[in-house]
Amino acid sequence: MTSSAVATSTSNSDETIHPSTHHIPDNEGGIHFTPPLYRQRYLFTLDLIQHDSSLHSLLDIGCGTCQLLTIGKYRNPHIQLIAAIDIIRYQLEEGCFRLKPLPVEYMIFRRETPLHMYVLYGDATKICNCFSQFDVVTLIEVIEHLYLNDLENLVKHVFGYICPRRVIVTTPNADFNVLFPQMICGQFRHADHKFEFTRDEFKNWSQKIVHTYDYRVEFNGVGEAPLNEQHRNIGTCTQIAIFYRKHNHMKTHLTSSEFYQRLSYCNHHELIGFIDYPFGVQQTIELQEQIRYILNMYRLMAEEKARHGDDNHDTYPLTVNCQAIINHPRLLQYNLTVEDLKHIIEIIGYKMLHNNLIILAEDPITSCTHEDYRTNDHDHRSTNNQTEIVKPNYQHKQNEESWD
114 MTSSAVATST SNSDETIHPS THHIPDNEGG IHFTPPLYRQ RYLFTLDLIQ HDSSLHSLLD
174 IGCGTCQLLT IGKYRNPHIQ LIAAIDIIRY QLEEGCFRLK PLPVEYMIFR RETPLHMYVL
234 YGDATKICNC FSQFDVVTLI EVIEHLYLND LENLVKHVFG YICPRRVIVT TPNADFNVLF
294 PQMICGQFRH ADHKFEFTRD EFKNWSQKIV HTYDYRVEFN GVGEAPLNEQ HRNIGTCTQI
354 AIFYRKHNHM KTHLTSSEFY QRLSYCNHHE LIGFIDYPFG VQQTIELQEQ IRYILNMYRL
414 MAEEKARHGD DNHDTYPLTV NCQAIINHPR LLQYNLTVED LKHIIEIIGY KMLHNNLIIL
474 AEDPITSCTH EDYRTNDHDH RSTNNQTEIV KPNYQHKQNE ESWD
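Going by this note's numbering, the letters in the sequence shown line up with residues 114 to 517, in that order.
Structural data, given as C-alpha cells:
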C-alpha cells in the first residue's frame with residue numbers, strides 16, 4: 114500500500130513543483146502534501162482495517178479530537194465496537210461533539226450494522242484489563258509524545274495484555290526532517306515530542322517488540338518526498354509499522370455490553386461519552402421527508418453562498434432545478450419524473466416556477482410575488498413550513514497539521 118501524496122520542498126532555490134500539489138501557506142518548513150498528511154495517515158489506517166472483515170473492535174489510543182473515528186465511523190461496517198482514549202479532557206469533549214450523529218441520521222441510516230462508540234479519559238500506559246479482546250489497536254502519532262519509560266509501559270500494555278490481532282503505529286520519520294530547515298520547535302517537529310525515530314531506530318524498536326511478543330511486523334509510510342535525486346533515500350514523512358499477531362486463536366467477539374460491564378468496575382478510566390449509532394438495512398423514512406431534507410440542504414447551501422456574494426446565488430429567489438433533485442443519489446432508486454416531483458413539492462409546501470426551478474428561499478427583506486409562480490390550490494402554503502435545521506452554537510477549531 115503506497116501513498117498517492119505529492120510533496121514539494123521550498124527549502125532551496127531549485128524548487129520541485131508537481132502540478133497536483135496543493136500549495137497552502139505554511140510557516141513551518143515549506144513543504145505541503147496532497148491530501149494533507151494527517152488525512153493520509155487516517156485513510157491509510159482505515160483502508161488497512163477495511164481489508165480484513167473479520168476485525169470487529171477497535172481501540173484508538175491517543176485519539177485526541179477523534180478525527181480518525183470521525184472519518185471512519187461509516188467506512189468499515191464490520192467494526193462494531195470502538196473505544197477511544199486520551200489524557201486531554203477538552204480534546205475528548207470536542208471529539209464527542211464531532212462523533213454525534215446528525216438528527217437526520219436517525220431517519221436515513223448510513224450504517225447497515227451497529228456501532229457502539231466509547232470515549233474515555235485515562236492513561237493507556239497503565240495496565241488495565243478492560244481492553245483485552247480488542248481486535249485492532251491504533252497509535253496514530255502517539256509514541257513520540259511519550260518518555261521512553263512510559264513508552265515501554267505502553268508497549269507492555271498493548272502487546273502483553275491487550276494482545277490485539279493488529280496494531281498500527283505511525284510516527285514521524287526523523288530522516289525526513291532535512292526538508293524542514295526551520296523547525297520552530299527546535300530539533301523536533303512538535304514542542305511536545307520527546308524523540309523522533311529515524312527509520313533504522315523505528316525498525317529496531319519494532320523488531321524488539323516482535324522478538325518479545327508473538328507478532329510479526331511490516332513497514333510502510335505516507336507523505337512522499339519531492340521527486341528529485343537529492344531526497345531519494347530519506348523515506349516518507351510519516352513511517353508506519355503494522356504488527357500482526359502470529360497466532361489468532363478462535364474466540365468470540367468482545368461485545369458492547371461486556372465492555373461496558375468492565376468499565377463499570379474500572380477505576381482507571383472515566384467514560385466521557387457513549388454513542389450508539391443508528392443503523393438499518395432499509396430506509397424507513399418516507400419519500401416526501403427525504404425530498405424535504407434534500408431541499409433544506411440545498412436551501413442552507415444557497416443561503417450561505419448568497420451571504421458571501423456568490424455569483425450564482427446573489428439574487429433572490431434562491432432556486433434549484435428539478436433535475437438536480439431527481440438525480441440526487443438518495444432518490445435515484447425511485448425513478449422520479451418531473452411531474453412526480455412537482456406533485457410532492459407542492460404537498461410539502463414548496464413552490465415551483467414555470468421553468469422547472471424549485472424556490473428554496475425568497476428575499477428575506479422584500480417577499481416578492483413572482484409572476485412565474487404556478488397558480489394552483491397550494492399557492493397559499495408558505496415555505497416557512499419547511500423543517501428547520503438548527504446549527505449548534507458549539508464551534509470547534511480544527512487545526513489541520515501540515516506535516517507533524
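Every residue gets a Cβ at the ideal spot worked out from N, C-alpha and C, and that includes glycine.
Every value quoted in this text rests on a predicted model; they were computed, and no experiment measured them.
Cα-Cα separation, residue i to residue j
i    : j    : result
Y260 : I281 : 20 Å
N469 : L181 : 42 Å
I253 : A197 : 12 Å
F210 : T183 : 10 Å
H306 : E257 : 5 Å
T134 : P148 : Summary for T134: the model assigns pLDDT 30, below 50, so the residue's position carries little reliability; its value from the coordinates is reported in the next sentence. Answer to the nearest angstrom: the Cα atoms are 9 Å apart.
Q295 : D288 : 15 Å
L205 : Q352 : 26 Å
P227 : K213 : 14 Å
D389 : I355 : 29 Å
A338 : Y219 : 44 Å
C350 : N189 : 26 Å
L449 : N434 : 14 Å
As assigned by DSSP and simplified to three states, the class of residue i
i    : result
V250 : strand
Q300 : coil
N468 : coil
F293 : coil
S386 : The question names Ser, yet the displayed sequence has Gly at residue 386. DSSP places G386 in strand when its eight states are reduced to three.
N333 : strand
Y260 : coil
Y328 : strand
F272 : helix
I144 : strand
P190 : coil
Residue closest to residue i, alpha-carbon to alpha-carbon, out of the options
i    : options                : result
E399 : T351, I461, Q436       : I461
Q153 : L431, G177, T283, S245 : T283
Y151 : F356, C179, L171, T311 : C179
Y406 : C350, G299, I438       : I438
R224 : K239, T238, H191, N346 : H191
N361 : L168, F146, L156, D160 : L168
P430 : L466, N440, N448, R312 : L466
I404 : F392, T368, E459       : E459
M67  : R443, L367, K455       : This structure gives no information on residue 67, because the portion of the chain shown stretches from 114 to 517.
Opposing strand residues paired with residue i [DSSP bridges]
i    : result
H456 : None, per the DSSP bridge assignment.
D199 : Y234
I281 : T251, I355
A474 : L431
D173 : A197, T251
L228 : Y390
Touch test, the stretch 223-236 against the stretch 374-385, Cβ-Cβ under 8 Å, three pairs minimum: The stretch 223-236 is in contact with the stretch 374-385.
Inter-stretch contact at 8 Å, needing at least 3 Cβ pairs: the stretch 198-207 / the stretch 268-279: Touching, no.
Inter-stretch contact at 8 Å, needing at least 3 Cβ pairs: the stretch 240-253 / the stretch 325-345: Not touching, per the Cβ criterion.
Contact the stretch 238-245 vs the stretch 264-271: 3+ CB pairs below 8 Å: Yes, the stretch 238-245 is in contact with the stretch 264-271.
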